[in-house]
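Residue numbers (this note's numbering): 29 to 540.
1) Any contact between the segment 159-169 and the segment 133-148? By contact I mean 3 or more CB pairs, one from each, below 8 Å.
2) Have a look at the DSSP bridge pairing and note the partners of residue 411.
3) Any contact of the segment 116-128 with the segment 420-429, i.e. 3+ C-beta pairs under 8 Å?
4) Apart from the five residues on each side of it in sequence, which residues of its chain come closer than 8 Å, Cβ to Cβ, to residue 385?
5) What are the uninterrupted segments assigned as alpha helix (DSSP H) that are 4 or more residues long and contained completely in the segment 365-409, given in chain order?
6) Ordered along the chain, which non-local residues of its own chain (more than five positions away) have a Cβ less than 8 Å from that of residue 175?
7) Less than 7 Å between C-beta atoms, sequence neighbours within five positions excluded: which residues of the same chain meet that for residue 216?
8) By the three-class DSSP mapping on this structure, what secondary structure does residue 292 have?
9) On a Cα-Cα basis, can you pick out the residue from 377, 232, 479 and 374 that is closest to residue 293?
10) Using DSSP bridges, identify the partner residues of residue 417.
11) Should residue 397 be labelled buried (16 or more other beta-carbon atoms within 10 Å of its own) or exposed?
12) Secondary structure at residue 510, three-state DSSP: helix, strand or coil?
13) Which residues mark the beginning and the end of the beta strand (DSSP E) in which residue 536 is found?
14) Only counting the same chain, and skipping five residues up and downstream in sequence, which positions put a Cβ closer than 6 Å to that of residue 90?
15) Please work out which residues of its chain come closer than 7 Å, Cβ to Cβ, to residue 47, disregarding the five sequence neighbours upstream and downstream, and give them in chain order.
16) Which value, in whole angstroms, describes the spacing of the CA atoms of residue 71 and residue 460?
17) Alpha carbon to alpha carbon, how far is residue 332 from residue 466? Give it in angstroms, no decimals.
18) Based on Cα-Cα distance, which residue from 449, 377, 407 and 519 lies nearest to residue 502?
19) Can residue 184 and residue 307 be called in contact, C-beta distance under 8 Å?
20) Is any heavy atom of the ligand COA found at a distance shorter than 7 Å from the C-beta of residue 311?
21) By the three-class DSSP mapping on this structure, what secondary structure does residue 232 have?
22) Note down the Cα distance separating residue 329 from residue 190, rounded to an integer number of angstroms.
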């Protein structure tokens, strides 16, 4: 009796309960160990090489995504493990042209069979158009949106493109020819943002006019890292409860603010449907004769489609503007050749049009090379396998696959001297600047605008916008990089949801 009373003392009782800890720890270790054994040896993706840590957890992937160095990490792993490796327990990455064809082009009645993952689902309640992962739903929206990217629609939108490019040129005349020059990252961002807002939903944002960031712009930029955390939470659900701790409180408060700004902008466009002065993307989603969205679901859908077309119309464009200047000013022979082509092709500034610039082979080659040395896609466009073969390798159903365009673009296996900027590689053989040493480059296998049913619908307007930008800029100005800048792509660029690019100071002198 005395012994039993002794054991009932609270302190000893707690000690007795602690004796269960080794059992709990052992059970937990057994579960983790069993899962690791399964992932390393029996999982459908176990046959692929790769870091062992990546095979049993998402730690490897999460670390580089949050650091903003994911594409570079993938490139290094391809060098170590070959053209296909395992980056996460259920995810593999390829770096071959055939893999791109096998993953992104298979379709039945224009519905892709390798389903897009939910990577771009940021919790808005509707995936809109660009981010929609249901092939049937996406196709329904595509039927409405596609006419907005026809040749006829492109010509109708060209005056808007000229409007903002001309405004940009006039601002450069006022601000560019100073000892310190202008900061090109900021100015090209303003230009692309103003242009895209007007093309998407006839919204004038006035960044160029006011020469300052809008609240909308700063709010959107502030959410980029948050978007990465949301994406990682999709891949690693256990992170979701802790996501808020990785993001500053200020950024968290920006999310509803950004969504409200977008809602207000779309609603303003809906309210003035019969008063617009030029066609925009909303015209095709919601013609004047159609009833306005009434339910909350309809409103959210329209908001998502409009926002995605707006983002797709400015983010890649501002990067091509910036990236082309970044590399041209570091490659004197290419800059000189492009200036000569542009200035010898036009007698006046007014001759520079979408049609006239489309004939300039070296200009087009410079843009294509800019998209190669600065690949815009950083996620690899992941797709879920239905059970199929990729570049001769069978991928079991449910395993997620992607292609690292970043790795392909920078590989000597596909491009001669891949680390250097050589527009000549994209020229036709009859062109006087064509060089035979680039004859084996995999030009037709490089797909910066995607492949298959989900290939970028706006690629033609993107080509037109970027050709016009460089043609008007280099026809009007001699560009000079301000000395003392030591910015390198390898060390100064990072990427989360959006690319983070460094300042670039450029002097623009009116041509002699």
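Virtual Cβ for every residue (Gly too), placed ideally from N, Cα, C.
Considering the structure as presented:
1) Result yes; three or more Cβ-Cβ pairs closer than 8 Å.
2) Counted from its first residue, the chain shown places residue 411 at position 383. In the DSSP output, where bridge partners are listed per residue, residue 411 has 144 and 429.
3) With the cut-off at 8 Å, the segment 116-128 and the segment 420-429 touch.
4) Walking along the chain shown from the start, residue 385 turns up at place 357. Non-local C-beta neighbours of residue 385 in its own chain, meaning closer than 8 Å and more than five positions away in sequence, comprise 391, 492, 495, 496 and 499, ordered along the chain.
5) List check, alpha helix (DSSP H) in window: 382-385 and 389-401.
6) As a position in the chain shown, residue 175 is number 147, starting the count at 1. For residue 175, where only same-chain residues beyond five positions count, the Cβ hits under 8 Å are 181 and 312.
7) The residue given as residue 216 occupies position 188 in the chain shown. Taken in chain order, the residues that qualify are 346, 349 and 350.
8) Stepping through the chain shown from its first residue, residue 292 is reached at position 264. Residue 292: helix per DSSP, three-state reduction.
9) One-based indexing of the chain shown puts residue 293 at position 265. Nearest C-alpha to residue 293: 232.
10) Locating residue 417 in the chain shown gives position 389, where the first residue counts as 1. Looking at the DSSP output, residue 417 bridges to 422.
11) Here residue 397 refers to the residue found at position 369 when the chain shown is read from its first residue. It counts as buried.
12) Here residue 510 refers to the residue found at position 482 of the chain shown. Under the three-state reduction of DSSP, residue 510 is assigned to coil, being neither helix nor strand.
13) Sequence index remark: in the chain shown, residue 536 carries index 508 (1-based). 533-538 is the extent of the beta strand (DSSP E) around residue 536.
14) By one-based count along the chain shown, residue 90 stands at place 62. Excluding positions up to five away in sequence, the list reads 260.
15) Taking the chain shown and counting its residues from 1, one reaches residue 47 at position 19. Counting only Cβ-Cβ distances below 7 Å, and skipping sequence neighbours, we find nothing.
16) Mapped onto the chain shown, residue 71 falls at position 43. Mapped onto the chain shown, residue 460 falls at position 432. For residue 71 and residue 460, the distance between alpha carbons rounds to 54 Å.
17) For this step, residue 466 is matched to residue 438 along the chain shown. For this step, residue 332 is matched to residue 304 along the chain shown. Looking at the two C-alpha atoms, the distance is approximately 42 Å.
18) Position 474 of the chain shown, counting from 1, holds the residue named residue 502. Of 449, 377, 407 and 519, the residue nearest in Cα terms is 377.
19) Position 156 of the chain shown, counting from 1, holds the residue named residue 184. Position 279 of the chain shown, counting from 1, holds the residue named residue 307. By the CB criterion at 8 Å, residue 184 and residue 307 fall inside the cutoff.
20) Inclusion of the ligand COA in the displayed structure is not the case, the ligand content being empty and no account of it being possible.
21) Counting from 1 along the chain shown, the entry for residue 232 is found at position 204. Reduced to three states, the DSSP call for residue 232 is coil.
22) For the purposes of this step, residue 329 is taken as the residue at position 301 of the chain shown. For the purposes of this step, residue 190 is taken as the residue at position 162 of the chain shown. Distance between the alpha carbons of residue 329 and residue 190: 30 Å.
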